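Shown next, in structure tokens, is the structure this report addresses.
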Ligand SMILES: Cc1ncc(COP(=O)(O)O)c(C=O)c1O
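In the working numbering, the protein residues as written are 183 to 665.
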């Protein structure tokens with residue numbers, strides 16, 4: 183056996199470091215099966231440790247199945263190593279995985295956005311530099327002091343009682359939504375998955391908008407949904423198109439439709455609700471950025487006019503705080519919440535409890551609404567800045583068209599050219615931008631004009647960066663004009 187040289191780390195137990203080193207020698211093939219180890223006294227001298235430390239290390243490896251202890255012989259490497267059937271010299275990264283046949287072929291998959299770019303136009307990205315960590319940290323500290331020990335166990339699938347109460351009050355105040363019970367979830371994505379799991383049978387039809395939120399579609403189809411596309415126009419989803427489908431359940435548009443940002447008119451909302459009553463389906467309302475509305479008071483959600491309790495209303499703190507908070511909620515009829523809580527228990531028991539308590543304090547102390555007021559002002563100014571920049575490009579002859587959104591965090595920009603494949607091209611130039619094609623899994627091009635739109639998020643960049651980013655994007659979109 184080669185000389186063991188170990189530099190001991192003061193935070194690590196010596197016998198474990200020695201065991202790791204011997205194990206390494208076995209795995210690298212320096213020690214072969216049935217090789218004997220030197221006498222523990224010799225090893226102890228070599229490493230300048232106590233003999234009992236060597237014996238503890240060897241006993242550890244006996245327990246792990248690498249060594250055996252034989253009377254009058256001492257420790258030797260076992261003849262069959264615990265990890266059989268793989269080449270021990272091959273690093274795990276280079277090993278081929280050949281068990282794919284044991285996994286289902288995915289019914290849905292999502293590409294993960296690469297935000298490692300110079301300019302990020304992601305539509306739902308808040309400006310996290312404006313989130314007051316200092317204020318929130320004080321609520322986190324208080325939350326840790328206040329934590330009810332009971333909340334640290336598995337009970338409490340519905341979520342923190344104070345947070346649920348605060349959300350209820352906020353929904354009444356800000357969204358006119360009063361009848362629901364609340365279930366806290368790990369972001370609205372978990373809520374979407376839970377609903378899909380609780381409602382869908384394999385092959386059920388689910389109507390979704392022609393352009394819709396891919397993670398929602400993925401949550402539905404991976405729970406067996408057969409997605410049926412509903413046409414939409416500049417006013418949002420078309421009730422007539424829905425009428426033709428008569429789905430079992432459907433996704434409805436939030437206040438600012440994703441990705442087009444259109445707000446569905448009250449007339450269309452009521453037509454859709456009547457269809458739901460007539461054909462007995464549920465409505466899933468994913469209202470992800472309701473708070474950022476700039477023109478008059480926002481329309482109340484469909485869930486606010488829901489006598490039957492057939493609207494399942496989902497919202498999130500991902501845009502108000504940051505996506506990493508993974509905090510969302512469902513507001514729905516108490517019976518629906520009971521079904522959904524059962525569904526959530528199967529996935530994840532409950533939502534993390536310290537953050538919930540901190541957000542409850544943040545809301546009850548008024549810091550939440552202060553933050554909302556600040557961000558709404560800021561995003562309004564940023565929307566106007568982007569509108570002004572776009573107007574300048576338009577005046578300079580760029581063939582662009584857009585509607586100024588009443589709220590939200592993005593502008594849906596038409597470019598009058600086919601942008602198929604543009605997302606990847608932009609990414610290769612250090613620009614993250616989502617194009618119409620990215621929101622339409624079925625690649626249905628209803629007006630056969632190609633995918634002409636990009637979604638320009640305006641919330642996360644400051645004015646200087648937005649100007650620079652837009653210039654880089656325009657150069658890429660219209661090389662003939664900018665040249
Ligand atoms: C349509 C839509 N729903 C929901 C969300 C938020 O998802 P989560 O709460 O899981 O972060 C987003 C974020 O981009 C969104 O665009």
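We treat Cβ as the ideally placed atom computed from N, Cα and C, and that holds for glycine. This one's a predicted model, so the numbers in the text were calculated from it and none came from an experiment.
#1: Work out the CA separation of residue 358 and residue 517 for me, nearest whole Å.
#2: What's the call for residue 286, buried or exposed, on a 16-neighbour Cβ count within 10 Å?
#3: If the criterion is Cβ atoms closer than 8 Å, does the pair residue 510 and residue 373 meet it?
#4: Span of the beta strand (DSSP E) holding residue 256?
#5: Tell me, to the nearest whole angstrom, how far the beta carbon of residue 451 is from that of residue 417; I am working on the premise that it is less than 8 Å.
#6: Quick one: Cα of residue 602 to Cα of residue 330, how far?
#7: If you draw a straight line from the C-alpha of residue 334 to the C-alpha of residue 239, how long is it?
#8: Comparing alpha-carbon positions, which option in 503, 663, 477, 621 lies nearest residue 540?
#9: Taking residue 497 as part of the beta strand (DSSP E), name the residues at either end of that continuous run.
#10: Give me the Cα-Cα distance between residue 655 and residue 448, rounded to the nearest whole angstrom.
#11: Between residue 466 and residue 377, is the Cβ-Cβ spacing less than 8 Å?
#12: Determine whether the beta carbon atoms of residue 380 and residue 525 lie at a separation below 8 Å.
#13: Return the chain-ordered list of same chain residues with a C-beta closer than 7 Å to the C-beta of residue 236, the five sequence neighbours on each side being excluded.
#14: Give me the Cβ distance between residue 440 and residue 476, rounded to the nearest whole Å; I'm assuming they're in contact under 8 Å.
#15: Where does residue 318 land, buried or exposed, given buried means 16+ other C-beta within 10 angstroms?
#16: Comparing alpha-carbon positions, which option in 663, 320, 616 lies nearest residue 294?
#17: So is the beta-carbon of residue 585 under 7 Å away from any non-hydrogen atom of ligand 1?
#18: Any chance the segment 340 to 356 sits against the segment 557 to 565, with 3 or more Cβ pairs inside 8 Å?
#19: For residue 670, does the count of other Cβ atoms within 10 angstroms reach 16, so buried, or fall short, so exposed?
#20: DSSP on residue 477, reduced to helix/strand/coil?
#21: Roughly how many angstroms separate the alpha carbons of residue 642 and residue 508, rounded to a whole number?
#22: Report, in whole angstroms, the separation of the C-beta atoms of residue 546 and residue 348, which I expect to be a contact under 8 Å.
In short:
#1: 20 Å
#2: exposed
#3: yes
#4: 256 to 259
#5: At roughly 11 Å, the Cβ-Cβ gap does not stay under 8 Å, so residue 451 and residue 417 are not in contact.
#6: 54 Å
#7: 37 Å
#8: 503
#9: 493 to 498
#10: 36 Å
#11: yes
#12: yes
#13: 200, 222, 225, 226
#14: Not really, about 17 Å apart at Cβ, beyond 8 Å.
#15: buried
#16: 616
#17: no
#18: no
#19: Nothing in the structure corresponds to residue 670, since the chain is present only between 183 and 665.
#20: coil
#21: 19 Å
#22: 6 Å
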